[in-house]
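Visitor: Numbering of the sequence shown is given in the UniProt record's numbering, commencing with residue 1 and proceeding in unit increments. Ideal Cβ positions, reconstructed from N, Cα and C, are used throughout, including at glycine. These numbers were taken from a predicted model, which means no experiment stands behind them.
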Amino acid sequence: MPSPTGPGRATDEEMRAVTEVSERSVETERSRYDAVSAQERWRTYWEEHNTFAPLDDGSKERRYVLDMFPYPSGDLHMGHAEAFVMADVIARYLRLQGFDVLHPIGWDSFGLPAENAAIQRNAHPADWTDANIETQANSFKRYGLSLDWSRRLQTSSPDYYRWTQWLFLRFRERGLAYRKASFVNWCPKDQTVLANEQVVQGLCERCHSVVTKRQLTQWFFRVTEYAQRLLDDMDQLEGHWPDRVLAMQRNWIGRSEGAYVDFTIEGREEPVTVFTTRPDTLFGATFFVVAPESPLAAEIVTDEHRAEFESYLEQTKRTTEIERQSTEREKTGVFLGVHAVNPVNGEKIQVWAADYVLADYGTGAVMAVPAHDQRDLEFAQAFGLPVRVVVDTGAADPNETGLATPGDGAYVNSGTLDGLTDKAAGVSKIIEQLQDDGVGESAITYRLRDWLLSRQRFWGCPIPIIHCPTCGEVAVPDDQLPVELPDLRGADLAPKGTSPLAAATDWVNVACPSCGGPATRDTDTMDTFVDSSWYFFRYCSPGYTDGPFDPDDVRRWMPVAQYVGGVEHAILHLLYMRFFTKVLYDMGMVDFVEPMRKLLNQGQVINQGKSMSKSLGNGVDLGEQIDKFGVDAIRLTVVFAGPPEDDIDWADLSPAGSLRFLQRAFRLAEDVTSEPGADPAAGDVALRRATHRHLAEIQESIESQRFNVAVARVMELVNVTRKSIDTGAGGADPAVREAVEGVTVALSLVAPYVAEEMWELLGHAPSVADASWPVIDTSLLVEETVTCVIQVQGKVRGRLDVTPTISDEELERLALAEESVIRALAGRGVRKVIVRAPKLVSIVPA
Numbered sequence: 001m002p003s004p005t006g007p008g009r010a011t012d013e014e015m016r017a018v019t020e021v022s023e024r025s026v027e028t029e030r031s032r033y034d035a036v037s038a039q040e041r042w043r044t045y046w047e048e049h050n051t052f053a054p055l056d057d058g059s060k061e062r063r064y065v066l067d068m069f070p071y072p073s074g075d076l077h078m079g080h081a082e083a084f085v086m087a088d089v090i091a092r093y094l095r096l097q098g099f100d101v102l103h104p105i106g107w108d109s110f111g112l113p114a115e116n117a118a119i120q121r122n123a124h125p126a127d128w129t130d131a132n133i134e135t136q137a138n139s140f141k142r143y144g145l146s147l148d149w150s151r152r153l154q155t156s157s158p159d160y161y162r163w164t165q166w167l168f169l170r171f172r173e174r175g176l177a178y179r180k181a182s183f184v185n186w187c188p189k190d191q192t193v194l195a196n197e198q199v200v201q202g203l204c205e206r207c208h209s210v211v212t213k214r215q216l217t218q219w220f221f222r223v224t225e226y227a228q229r230l231l232d233d234m235d236q237l238e239g240h241w242p243d244r245v246l247a248m249q250r251n252w253i254g255r256s257e258g259a260y261v262d263f264t265i266e267g268r269e270e271p272v273t274v275f276t277t278r279p280d281t282l283f284g285a286t287f288f289v290v291a292p293e294s295p296l297a298a299e300i301v302t303d304e305h306r307a308e309f310e311s312y313l314e315q316t317k318r319t320t321e322i323e324r325q326s327t328e329r330e331k332t333g334v335f336l337g338v339h340a341v342n343p344v345n346g347e348k349i350q351v352w353a354a355d356y357v358l359a360d361y362g363t364g365a366v367m368a369v370p371a372h373d374q375r376d377l378e379f380a381q382a383f384g385l386p387v388r389v390v391v392d393t394g395a396a397d398p399n400e401t402g403l404a405t406p407g408d409g410a411y412v413n414s415g416t417l418d419g420l421t422d423k424a425a426g427v428s429k430i431i432e433q434l435q436d437d438g439v440g441e442s443a444i445t446y447r448l449r450d451w452l453l454s455r456q457r458f459w460g461c462p463i464p465i466i467h468c469p470t471c472g473e474v475a476v477p478d479d480q481l482p483v484e485l486p487d488l489r490g491a492d493l494a495p496k497g498t499s500p501l502a503a504a505t506d507w508v509n510v511a512c513p514s515c516g517g518p519a520t521r522d523t524d525t526m527d528t529f530v531d532s533s534w535y536f537f538r539y540c541s542p543g544y545t546d547g548p549f550d551p552d553d554v555r556r557w558m559p560v561a562q563y564v565g566g567v568e569h570a571i572l573h574l575l576y577m578r579f580f581t582k583v584l585y586d587m588g589m590v591d592f593v594e595p596m597r598k599l600l601n602q603g604q605v606i607n608q609g610k611s612m613s614k615s616l617g618n619g620v621d622l623g624e625q626i627d628k629f630g631v632d633a634i635r636l637t638v639v640f641a642g643p644p645e646d647d648i649d650w651a652d653l654s655p656a657g658s659l660r661f662l663q664r665a666f667r668l669a670e671d672v673t674s675e676p677g678a679d680p681a682a683g684d685v686a687l688r689r690a691t692h693r694h695l696a697e698i699q700e701s702i703e704s705q706r707f708n709v710a711v712a713r714v715m716e717l718v719n720v721t722r723k724s725i726d727t728g729a730g731g732a733d734p735a736v737r738e739a740v741e742g743v744t745v746a747l748s749l750v751a752p753y754v755a756e757e758m759w760e761l762l763g764h765a766p767s768v769a770d771a772s773w774p775v776i777d778t779s780l781l782v783e784e785t786v787t788c789v790i791q792v793q794g795k796v797r798g799r800l801d802v803t804p805t806i807s808d809e810e811l812e813r814l815a816l817a818e819e820s821v822i823r824a825l826a827g828r829g830v831r832k833v834i835v836r837a838p839k840l841v842s843i844v845p846a
């Protein structure tokens, strides 16, 4: 077993107790828990009795516990072992607390990984996906998860994606789904576009290829319309979602306050609008920069400079976005041969194309204030452009130091702002001037961009749009949904830059639903994140045929009480599902705006300090570990390893130690000889106090999601109970039965198979999953006496048995009167007494 330290982990004393349990030889045990037969028996029982299906009859208060959608990429791995056991602990605990619990399962079964894997194996994605789902389903059942299998679904089923298409069309009717030409992220390996959120440090988040830019006509969701609501509604999640997830979402949305400013460009009738967070530095704008790939650059470049510009544009296309944004990279650019007019002073400034400006940032153009922006300063110095200080921050001149001064100070060289020292006043005054002159206004912008959702791949939900040369874009009528994928077995599905669906001419060529003339289907498919943005609603009524979900069912079960999954989805999935929920709220389909009340992020399972990988030779096969040690031992090992959010290193863990502990716990149930229902009040009072104290601490640890500490408390209670059996009245003591029943119920959260065996040995009808959480007798939690340690000059000089409610004054009086303390002081006076009632008195001699 590990010896974790830090907040939320078990203490060193607890770890020593646990180690003592783990290392004890099992040769002296009278019998052994048979993990294999227990797993087979109780898995069959749960399935036959549909143990974990909710009643949904109103007899109990409801709770919805949800794991993030698994992807059917193969059998379960060690990451699944950790992620799914955490939600299972919560679901089982809530059942024991008397709640009606919905804990469903399904698969996010569309997407690139399945398609790529199928192509490599010369298989059809549907066959590959369905086979993996069956493999995972059997493994989930083996793993003892308390899942409701009657609600099972998968996104690649037409019964599911019919409603994905229906939702797409409703979004389109509200102006939230649209198609436009745009520079997009392009993955050259997967041959498809990517949303901004799917590009991580310039790489495809799936295959890690360097992402490039292409101009294509694509489908988008207008998520930017909900940017402020996505920010504001995070107030509901404070204290319930991890702080780092909320911070990541706020940063991605990126709200900025400032102003729109219009610059006139030579030879162009319409002004170019830029956004700036520092309109108060406009007098320091000494040149103007345009993204090379923006339409504006190609439009305004003069003939004299066009050849140089086009060469630079080709160079830019070969440069990754992360390279362009690097602060270490030398600045490059070309003069476009035209000038812009600074609207606050009428000064003509040069217009340049430079790759440190991106086309998808605002209008793809920025005003450059080199004295107060480091990137602009480096560019100005590289090309000999003027640098003018307009805010005196007290720092040295950037012209001399090469360091921009972005701070606040007194305005200089700033016309009407000169003499002001307050930034807010300066911003307010310049915005008022811009508005009066009709060349600008205050504005709020967001870093967030609309969600690019179309993909040039086969294995995804077809976009339900028909393109007619006469009618344009026409929605597929609702009664013709779903638009099912053609079979295409035997066809070449390898990525080619266009969707393989384009080759399925019988599927593509259709009559226009509007005019009846010849038309073609849209051949792109939807990003799989569309599917996973609403699946949790479908779980509430998976067989519903009049809509994506029954609103009454959703009202009964949602919002989800507890969501569990990896922090890697903090931006992609969590942001998109929040957006979907707000749209559904606006459509009147749900009555809440946040779908998940609480979020728990589990860490990773690594090995030898690194992520598990076949190439590194440090992979651990979950199935093999289960075969060797049993499901309960693996579950227990994972939960006990540390707080859920921390990474755990399998090399540091001991499933063998977990199995020894389970054998020891199992023996307790064998040793109980009192009858069920025996009155524990007639038993050992000391054991009863220990039992109720440990159960109270287990309960508090579960509710604060310190599951590892809860396991440590169970292990301690096993030790205490074993000692009572061996040295006290034995298994006939009804207090022993109470303790062992408490151990069994608590252990059922993490080791359900052995807990079922123990529950049966204790004479109870199955299943322990239908039992109740032990009622804590609070009177037994009150300690009659507490041992107080007395220190003199840091050394222990005595102990007192005192009441837990003793006052500081009384405890100090008793300590100073203690004979051993008087001897230690040896006639010296007392300079200071520190009292921490009821456990410590520290005396400092004069």
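Helix, strand or coil: how does DSSP classify L108 here?
Guide: One point to set straight first is that residue 108 is Asp, not Leu, in the sequence displayed. Three-state DSSP puts D108 in coil, outside helix and strand.
Visitor: Under a three-way DSSP split, which group does S294 fall into?
Guide: Coil.
Visitor: Which residues in the same chain have their Cβ closer than 8 angstroms to the Cβ of M558, if we skip the five residues on either side of it in sequence?
Guide: If we look at M558 and ignore the five residues flanking it on each side, its Cβ neighbours are Y64, F536, F537, C540, V590, F592 and P595.
Visitor: Using the Cα positions of W507 and I465, report the straight-line distance between them to the nearest angstrom.
Guide: Distance between the alpha carbons of W507 and I465: 13 angstroms.
Visitor: Can you name the residues that DSSP bridges to K598?
Guide: According to DSSP, K598 bridges with nothing at all.
Visitor: Relative to the C-alpha of P518, which residue among S533, T470, I431 and D190 is closest?
Guide: Looking at the Cα atoms, T470 is the closest of the given residues.
Visitor: Go through its chain and collect everything with a Cβ distance to G419's Cβ below 6 angstroms, but skip five positions before and after it.
Guide: Taken in chain order, the list of residues that qualify is empty.
Visitor: Tell me whether the beta-carbon of V390 lies closer than 8 angstroms to the beta-carbon of A371.
Guide: Cβ atoms of V390 and A371: closer than 8 angstroms.
Visitor: Of the choices V200, A404 and E266, whose alpha-carbon is the least far from that of Q381?
Guide: Checked all of V200, A404 and E266; the closest Cα to Q381 is A404.
Visitor: Ends of the alpha helix (DSSP H) at G79?
Guide: Segment M78 to L96, the alpha helix (DSSP H) holding G79.
Visitor: So, helix, strand or coil for V782, using DSSP?
Guide: Three-state result, V782: coil.
Visitor: Could you have a look at D378 and say whether DSSP puts it in helix, strand or coil?
Guide: Checking the displayed sequence, the identity of residue 378 turns out to be Glu instead of Asp. If DSSP states are grouped into helix, strand and coil, E378 belongs with the helices.
Visitor: Below 8 angstroms between beta carbons: does that hold for G225 and L167?
Guide: Note on identity: in this sequence residue 225 is Glu, with Gly being the wrong assignment. No; because the gap between Cβ atoms is not below 8 angstroms, this pair is not in contact.
Visitor: Within 10 Å of its beta-carbon, does V844 have 16 or more other beta-carbons around it, so buried, or fewer, so exposed?
Guide: Per the 10 Å Cβ criterion, exposed.
Visitor: Measure the alpha-carbon distance for H305 versus E299 and round it to whole angstroms.
Guide: Roughly 12 angstroms between the two C-alpha positions.
Visitor: Looking at the structure shown, is V26 part of a helix, part of a strand, or coil, going by DSSP?
Guide: Per-residue confidence for V26 stands at a pLDDT of 37, beneath the threshold of 50, marking its modelled position as unreliable; the derived number appears in the next sentence. DSSP places V26 in coil when its eight states are reduced to three.
Visitor: Ordered along the chain, which non-local residues of its own chain (more than five positions away) have a Cβ less than 6 angstroms from that of D553?
Guide: Once the five neighbours on either side are set aside, the close Cβ partners of D553 are C540 and S541.
Visitor: Measuring straight from C-alpha to C-alpha, what distance separates V736 and V714?
Guide: Computed Cα separation, rounded: 14 angstroms.
Visitor: Can you pull the DSSP bridge partners for V476?
Guide: Answer by DSSP bridge pairing: none, since V476 is not bridged.
Visitor: Taking a contact to mean a Cβ-Cβ separation below 8 angstroms, would you say L840 touches V782 in this structure?
Guide: Result no, Cβ atoms of L840 and V782 do not sit closer than 8 angstroms.
Visitor: Whole-angstrom Cβ separation of G742 and P774, contact assumed at under 8 angstroms?
Guide: Between P774 and G742 the Cβ distance is about 5 angstroms, and since that is below 8 angstroms, they are a contact.
Visitor: Strictly by DSSP, which residues pair up with R214?
Guide: Beta-bridge pairing links R214 to V184.
Visitor: Label M587 either buried or exposed according to how many other C-beta atoms from any shown protein chain fall within 10 Å of its C-beta, with 16 as the threshold for buried.
Guide: Looking at its Cβ environment, which holds fewer than 16 other Cβ atoms inside 10 Å, M587 is exposed.
Visitor: Considering Cα atoms alone, identify which of Y312, E378, H339 and K180 is closest to G333.
Guide: If we check each option's Cα against that of G333, Y312 comes out closest.
Visitor: When you compare only the Cα positions, how much space is there between E13 and Y71?
Guide: Residue placement at E13 is flagged as unreliable, the pLDDT there being 44, under the threshold of 50; the coordinate-derived value follows with that caveat. Those two C-alpha atoms are separated by around 41 angstroms.
Visitor: Counting along the chain, where does the alpha helix (DSSP H) carrying D130 start and finish?
Guide: D130 -> alpha helix (DSSP H) spans P125 to R142.
Visitor: Could you tell me whether the region 560-571 touches the region 492-499, where touching means 3 or more Cβ pairs closer than 8 angstroms?
Guide: Judged by Cβ distances under 8 angstroms, the region 560-571 makes no contact with the region 492-499, as fewer than three pairs qualify.
Visitor: Among residues of its own chain, excluding the 5 on either side of G111, which ones have a beta-carbon nearer than 6 angstroms to its beta-carbon?
Guide: If we look at G111 and ignore the five residues flanking it on each side, its Cβ neighbours are T528.
Visitor: Please classify A494: does DSSP put it in a helix, a strand, or coil?
Guide: Note: A494 maps to coil in three-state DSSP.
Visitor: Below 8 angstroms on the Cβ atoms is my guess for A769 versus R95; work out the distance and round it to an integer in Å.
Guide: Yes, they are in contact, since the Cβ atoms of A769 and R95 sit about 6 angstroms apart, within 8 angstroms.
Visitor: My guess is that F220 and L453 are in contact by the Cβ rule of under 8 angstroms, so how many angstroms apart are they, rounded?
Guide: With a Cβ gap of about 7 angstroms, F220 and L453 count as contacting.
Visitor: When we look at the beta-carbon of E321 and count the other beta-carbons within 10 Å, is it buried (16 or more) or exposed?
Guide: It counts as buried.
Visitor: Output needed for P292: all residues of its chain with C-beta closer than 7 angstroms, excluding positions within five of it in sequence on either side, in chain order.
Guide: Y312, L313, T316, A353 and D355.
Visitor: If we call anything under 8 angstroms between Cβ atoms a contact, is T286 one with L385?
Guide: Going by C-beta atoms, T286 is nearer than 8 angstroms to L385.
Visitor: From the DSSP output, in three-state form, read off H240 for me.
Guide: It is coil, neither helix nor strand.
Visitor: So, with DSSP's three-state summary, where would you put V709?
Guide: DSSP places V709 in helix when its eight states are reduced to three.
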